[in-house]
Structures are given as C-alpha cells and as structure tokens.
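2 protein chains.
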Amino acid sequence: MKKTMSTINQVATLAGVSKATVSRVLSGVTPVKDETKSRVLEAIKALSYSPNQAARSLASNKTYTIGLVASRIDTAYYGPAASGVEKALRGGDRHVIIASGNGSLEGERDAVDFLIKRQVDALVIITNFLSEEEISQINLRCPVFVLNQTFPGGEDRHISFDNFAGGEMATQYLIDKGHKKIATVTGPLWKHDAYQRYLGCQKALQQADLALHFQLEGNFSANSGMTHMQSILEREDRPTAIFFANDIMAMGALHVCAEQGIKVPEDIAIIGFDDLDMSKYYSPSITTIKLPLYDMAEATAYLLLNSVYGAHFPLKTTFSPELIVRQSA
Amino acid sequence: MKKTMSTINQVATLAGVSKATVSRVLSGVTPVKDETKSRVLEAIKALSYSPNQAARSLASNKTYTIGLVASRIDTAYYGPAASGVEKALRGGDRHVIIASGNGSLEGERDAVDFLIKRQVDALVIITNFLSEEEISQINLRCPVFVLNQTFPGGEDRHISFDNFAGGEMATQYLIDKGHKKIATVTGPLWKHDAYQRYLGCQKALQQADLALHFQLEGNFSANSGMTHMQSILEREDRPTAIFFANDIMAMGALHVCAEQGIKVPEDIAIIGFDDLDMSKYYSPSITTIKLPLYDMAEATAYLLLNSVYGAHFPLKTTFSPELIVRQSA
DNA sequence: GGTAATTCTGTAACCGATTAAAATAAATCA
DNA sequence: TGATTTATTTTAATCGGTTACAGAATTACC
C-alpha cells in the first residue's frame, strides 16, 4: 500500500516490553504500572504508531465500524442526519460506512445486506421504505438503531421525536392565524412520523371545533408537493391554509403557487415541517416546525456507542418540535 | 458480535479442498480446475459464506476501503458527489468511509488524518479549504483523487470539468439576452473552479466588447449571496444582470430580491452555476450552468478503481457544462 | 521475615484470510 | 512407457493485533 507503518512489535521492542503490555496500555482495561506505561507511550509517539485496524478487528471480532443506511444521501433531509451520525461516531473513534439506498426499497435492502456482509458492529438506519417489521428482522442479524421512528424489539434503540405534537403545533398556528379552511398534505401514512403528524393535525382542529378541509397523501418529495398543489388549485373550494408534512413538499407547492400567480401567504398560507437548511432562503421563506435532525442523529450515535461499546455518553433520547415562523404562513 | 459466520476453513472442509484453493476460487487469479471450482462454489453457497474483511485486509495489506473527505455532507452540493462515489465503489465491492470536514479547514485536516490512520487504500477529496499544495502533500501519504480540481502530481487523478467554458456560457447567455451591465459574484478566487468561471466570464464580455460592470468575491454560501445582493441593491448604478458563481449564492440573492420587492428577471436577471436539485423548484426557478457532479463523482470512483485496484472500467474523464434555462434569467 | 494477596508482565494460542514454495496430478512428447 | 512439462492443489508461513493463562514482582499482613 504505502510506506510501512510501525507495528505493535516495534513499539514493544523499543519500550522493552512485550506486545501484550503495549496492547494493554492502549486498551486501558488491565492495569499497567505507571512507569511502564509512560515508557510505552513514549515509544508509541516516537514511532507515531497507530494500531492496524484489520489486525485489531480480526483478533477482537469487532470491526469498530458502523454502517449507516440512508435512503438517499444527496438530499437536504438525509444529509444532516448522516452528518450528525458521522461526527459523533468519529469522535468516539469509530468509523462510519455509508451506504445509500438510492431512493428505492430494493436499494435500501441491498445497502443493508452489503453492510452486514462487511460485518459492521451495528447499523443506523434512516429509511424511507423499510417497514418496521423488516427492520425488526434486520435487527436479529445486527443491532439496529433508528431515529424518528421505532420498530418492534427496538424500544431502547431509537431517538424519538414528538411528531404528534409537531403536527398539532403546526395546525394550531394556522388556526391561531384565523384560518378555518385548513387542508393537509401528509406523508405516506403507513410511516409512523407521517401518521403522527397527521393525527396531531386532526387533534388541533378538533379542539378548535373545526373540520379538516381535506387531506391528501403525498410521498415527501418535491414532485409530490407540486402535483398535489396543482390539484388543490383546481378545486372549487380552496383551503386558505395548507399544512404540508415536510418542507420539501412545501417547496414544490410554493413553486407551483409562484408559477400560477398565487400569493403566499395572502391567498393561501403554507406551513411545512422539518426546517431544512434551505427553507429560510426560499421566497417566501417557509414557516415550519423544526425537527432537529442533526442533533438527533448525534444522539443516536451516542446511544449506539453506549449500548454497543459500553461507552458512557450522556444522553438525550427525546426531542421536541419547535415552531419557526417565517413568511409563508 | 453476532451469530458466528462461516469461515474459509469450513468451506474448504465441506468442499474437500484446502483453504488455499477456496481463496483462489474467490480471487480468480490462479486457475482452478472447473470441477473443483464448482464444488467450492457450492460449498460457499451452502454455508452462505462471505470472507472476513479483517482477515483479508490483514493478509493482503489492503483495506478495500476508500476514504471520502467532503467539506460537508449536509449540503446540496456535496450530497450528490458523496452519493456518486459511494454508489460506484459499492458496485466495485469496495466500501466508503465518509468523513466530513464540518465546514472548516481544521475539520478537513482532521478528516484526512482520521482516514489515513484507518489505512484506507485511497482518498477521494472534495474540499472547500485545502489548498492544492496541501493536497499534494497528502497524496504522498495516500493516493488522492479529486473532482473538479487538480493538484501538483495528481495529473491522472482527477475528473475535470470545463469551468472556464461554463463561465463563458453563462455570461454569453446574459449578453445574448441583451444585457450590457453585467456583474459577477465569484467564489473564492484562489480556488481553481471559481477562478476559471471568472475568467470565462471576462472572456465572454471581452468578445462582446463589453466591460464587466463589477466583480465581488463571495464564498459560495447562501449567506454570502445574501450579503452581496444586499450591497448590490444599495449601489447607485445597478447591473441589469448578475452571474453568481454557484446556485447557493444565487438562492441567497433571490431571497433578498424577493424581500426587497425586486423582480427577477425583470429588474435584475440572475444566473447561477451547478444546477442543484433544488434550483428548479425555486421561485423564480434558477437559470444556471449544469455541473454534473453525480456523474463526475461516479467517474472519479471508476478512475480510482482502475488505478488503485487494477480494474478496467470505461472512463469519461472530462465533463462539459450545459446551459439550463429557467426563469431567473 | 515469611506467606498470602495483589498487581503487573510475559508467553503463546488464536482470529481468518493470502500467497510463496513445495508437492502432486495430469498432459505431452519421444 | 518413461521422462518432461504443465496444470492444479496443498503446505505452511505470515499479516498485527487480543486475551486467557501463568509466572514474576510488589505489597499487605501477622
């Protein structure tokens, strides 16, 4: 490969100890006399030694590698999640192999298989297609961690977010603004987060004695936002406000509005969900519910380090939605 | 870790051969008698064997792992690049460890060190801060591949894109639209791509016997687009068209325009560069020059597989810009 | 001071592959 | 058919760590 790296044997020789001792100094589990330890550390520094991962994995039967399956990694939603996981795990001196599902169920399955074959110590799955049951099955093969969802058997393997409260909050805001005819474009309702946001929406309306103007089921993509907005504008009885279950669909919708000369929020108010990075630069900027994905991803990684490797990072396991008021509603 | 996986020894026993033979069947370099080979393959299937990566790495002194350093992975620009690299390498049965630079020079350096310590076989660097000289240095420690740039000593290690032609194309389009007062907000001019785009812009103006109205140096961020747009609007002598060196800055600028009631393209035309996914959903949708990042990233990965592992993927090493006309100009 | 308990360190067996070198089997040729 | 060549397979060393076990050095205690 490249210039030969120094090995544990060289360190041992230089420090005048056996390689077992060096290994102990490194791992820190068995006690080593202070004087010996510092001699070893010096040798390590002198040789700028760093242990060979392959050898270490082979001997310990751990890969120190975590697999991250993301439905895609090239979108505004998954990027921060991947980023948060990566940062935290690198801090814990583990590394992350990312495998993208390339936006399909088959792709996600391939990614999972690939990573398990690579013998990762654990998986972080941020999926768009895998069902909870399937995740449960995967979890039997390799410990799985998820964020913003759950799966049977993974009760202590997830970081949760109160999507219900978020849906309620978004809708309540529209109600507070005086809207009576509120519609919602949800995500795929078989998905936990999408469904909870929808239920939260209903709850808020009910409490205000309002009826949901109507509901459409989208798929979280910009295209789906466009299509649905299009069809909404063709209706006789337009809503005065729409709650889109994520910002991406809201972006698609805003685009359609702009094209058709519909003023937002004057003609129709639009609220999104997620608070993507780009949402604030949109015109109009998007009023939304913040889902702190990056922080949640970080927390997931810490949870994983604690649970799989016996680390002791302090944990925050539940995150709450936050209303971000901007121009679109 | 998990249920014990089958080993090469088990396969060998089941097939009635030595493990060396199994290894050969797998690697395919030394010939194996057909009859033996099929017996081995059967055994492999029966045990659903897949080789232990750690053992393989240790013995062969290769990790079959590529490190991907991206300045960030949570933005619209780097996402597709990371995705393209990942997909191609996974197809080549290698895996990718991603390390994000978290948007700083220090971070990028850390990421590089981390990956080299992990003994990756090669690095793909998509940087925002590392200088060509520094990349050159890194290349001495571990083979480096880059896209949309070069570095001394890396002449056959990059996939190139004609940024000059792109800058010219963008500017020419504005000229063709009849604009006389054309300004540009460039990227950091020490960066090769930013500088080339700028030169291309100048060339086009020169050929049309026009003077550049003025030039400002941005840093490719949305914020920088906003700030510069702000200052442009405060000028006495506003340009009628602006060429932003990337879409992200253009987005920031559009946001400012919308806030200030400036009509795009009527009052000021804006053209971007990159053609990010989101650019078409903006209002107005962004006229831009397409930089096929995903494809280029894929090509980079193939180049790497050929060069580092002796694969023979067909290669496309140069990509060309393409004008995407939308609403903003 | 002697023995037991405790702390520290070394020995050596693994982990599961790759790969040179040696051994064997099969094919070719006179 | 026996000697050569050539094709195939096995043997065994090796990669660089971890870790159970045993031995040595210290410390504690009577």
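Residue numbers (the numbering used here), protein chains in the order written: chain A, 1 to 329; chain B, 1 to 329.
Cβ coordinates follow ideal geometry from the N, Cα and C atoms, glycine included.
query                                                                                                                                      : result
Positions along the region 296-309 of chain B whose CB lies within less than 8 Å of some CB in chain A                                     : none
8 Å Cβ shell around residue 136 of chain B - same chain, five flanking residues per side excluded                                          : 151, 152, 153 and 154
Residue 296 of chain A to residue 91 of chain A span [Cα, whole Å]                                                                         : 16 Å
Reduced DSSP secondary structure (H/G/I, E/B, other) of residue 331 of chain A                                                             : Given that chain A is displayed from residue 1 to residue 329, the structure contains no residue 331 of chain A and the question cannot be resolved.
Cβ contact (3+ pairs, closer than 8 Å) linking the region 91-103 of chain A and the region 8-28 of chain A                                 : no
Identity of the residues DSSP links to residue 269 of chain A by a beta bridge                                                             : A/241
Interface flag, residue 1 of chain A vs chain B, CB-CB below 9 Å                                                                           : For residue 1 of chain A, the predicted structure reports a pLDDT of 38, less than 50, and the residue's modelled location is therefore unreliable. A value from the coordinates is still provided. Judged by the 9 Å Cβ criterion, residue 1 of chain A is in contact with chain B.
Minimum Cβ-Cβ distance from residue 98 of chain B to chain A less than 9 Å                                                                 : yes
Beta carbon proximity, residue 158 of chain B to chain A, threshold 9 Å                                                                    : no
Exposure of residue 15 of chain B, with buried meaning 16 or more beta-carbon neighbours within 10 Å                                       : buried
Where residue 273 of chain B meets chain A, residues with beta-carbon distance less than 8 Å                                               : Result: empty, since nearest Cβ-Cβ is about 17 Å, beyond 8 Å.
For residue 225 of chain A and residue 185 of chain A, believed in contact at Cβ under 8 Å, the rounded distance                           : 7 Å
Assigned exposure category for residue 234 of chain A - 16 Cβ within 10 Å defines buried                                                   : exposed
Close Cβ partners of residue 18 of chain B (< 8 Å) along its chain, the five nearest in sequence each way excluded                         : 12
CB contact below 9 Å: residue 315 of chain A versus chain B                                                                                : no
Beta-carbon proximity of residue 300 of chain A to residue 147 of chain A, cut-off 9 Å                                                     : yes
Per DSSP, the bridge partner or partners of residue 316 of chain A                                                                         : Its beta-bridge partners do not exist; DSSP assigns none.
Inter-residue spacing [alpha-carbon to alpha-carbon] between residue 159 of chain B and residue 145 of chain B                             : 8 Å
Beta carbon proximity, residue 95 of chain B to chain A, threshold 9 Å                                                                     : yes
Buried or exposed (CB count within 10 angstroms, at least 16 for buried), residue 312 of chain A                                           : exposed
Residues near residue 94 of chain B by beta carbon distance below 8 Å, same chain, minus five either side                                  : 64, 65, 66, 121, 305 and 309
Residue 109 of chain B versus residue 130 of chain B: straight-line alpha-carbon distance, rounded                                         : 8 Å
Residue 183 of chain B beta carbon less than 9 Å from that of residue 111 of chain B                                                       : no
Any chain A beta carbon closer than 9 Å to residue 80 of chain B                                                                           : yes
Simplified DSSP state of residue 19 of chain B, which is helix, strand or coil                                                             : helix
Residues, ordered as in the chain, of the region 224-254 of chain A that lie near chain B by beta-carbon distance below 9 Å                : 225, 226, 248, 251, 252 and 254
Contacts of residue 87 of chain A in chain B (Cβ-Cβ under 7 Å)                                                                             : 100 and 102
Three or more C-beta pairs below 8 Å linking the region 240-255 of chain A and the region 266-281 of chain A                               : yes
Chain A within 9 Å of residue 169 of chain B, Cβ atoms only                                                                                : no
Contact with chain A by residue 114 of chain B, beta-carbon distance below 9 Å                                                             : yes
Coarse secondary structure for residue 293 of chain B, derived from DSSP in three states                                                   : helix
For residue 288 of chain A, three-class secondary structure by DSSP                                                                        : strand
Same chain, Cβ closer than 7 Å to residue 213 of chain A, neighbours up to 5 away in sequence not counted                                  : 181, 182, 183 and 239
Of the residues B/258, B/288, B/298 and B/107, the one placed nearest residue 282 of chain A, counting alpha carbons only                  : B/258
Where residue 74 of chain A sits in the DSSP three-state scheme                                                                            : coil
Cut-off 6 Å between Cβ atoms - residues of its own chain near residue 149 of chain A, not counting five sequence neighbours on either side : 192
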